[in-house]
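This report concerns only the one structure given below.
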Amino acid sequence: MEFETRRNRQAVLTVGIMTIPDIVFSGVISYYFEWGWIGVVGVFVGLQVFAGLQWILRMAIAWPIWWAMTKRSQTEALLASLMEDSYPVPGKSYRSATQYFEETAMRSDLPIETRLKAATTIGSLLYAKGRFDLLMETL
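Using the working numbering, the final residue of the sequence shown is 808, and nothing's skipped along the way.
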């Protein structure tokens with residue numbers, strides 16, 4: 670409990686110290702334009718609103734990047750399991766999902782719909798891997 674109180678006190682002190690330049694700037698601007706105390710308050714509130722909008726804009730830019738970076742490891746693991754690791758099929762051992770779908774697409778004893786789905790899946794996997802590699806190069 671003492672830690673919480675100390676942390677809260679430190680947060681209030683930090684915010685208080687951070688607003689001192691805004692208060693001084695508000696006072697200087699109000700004095701220069703002879704706006705009085707209402708001007709000090711108005712300029713201070715305006716600065717705080719501007720800072721809030723700036724924070725919102727910063728978060729709007731940073732959030733997608735943060736989200737992509739947190740999802741990166743999950744996506745890498747998924748693509749690795751599809752492209753490189755063994756693909757679990759009962760009774761068979763395939764090197765990768767692409768190998769499984771390639772063999773499925775080449776089998777003449779299967780209906781054409783199944784073969785087309787397998788070929789489409791291969792294309793989707795390769796396209797996803799290519800797009801992911803491009804994204805990682807960009808980041």
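Note that the Cβ used here is the ideal one computed from N, Cα and C, for glycine as well. No experiment lies behind these values; they were computed from the predicted model shown.
Taking alanine 787 as the centre and dropping the five residues before and after it, the same chain places the C-beta of Phe770, Thr773, Ala774 closer than 6 Å to its C-beta, in chain order. The stretch 720 to 734 makes no contact with the stretch 699 to 709; the number of CB pairs closer than 8 Å stays below 3.
Judged by DSSP in its simplified three-state form, proline 780 adopts coil rather than helix or strand. The C-beta distance from isoleucine 698 to valine 714 rounds to 13 Å, too long to meet the 8 Å contact threshold. Between the C-alpha atoms of leucine 794 and isoleucine 725 there is a straight-line separation of about 36 Å. Residue burial is scored here from C-beta neighbours: valine 693 has fewer than 16 other C-beta atoms within 10 angstroms and is therefore classed as exposed.
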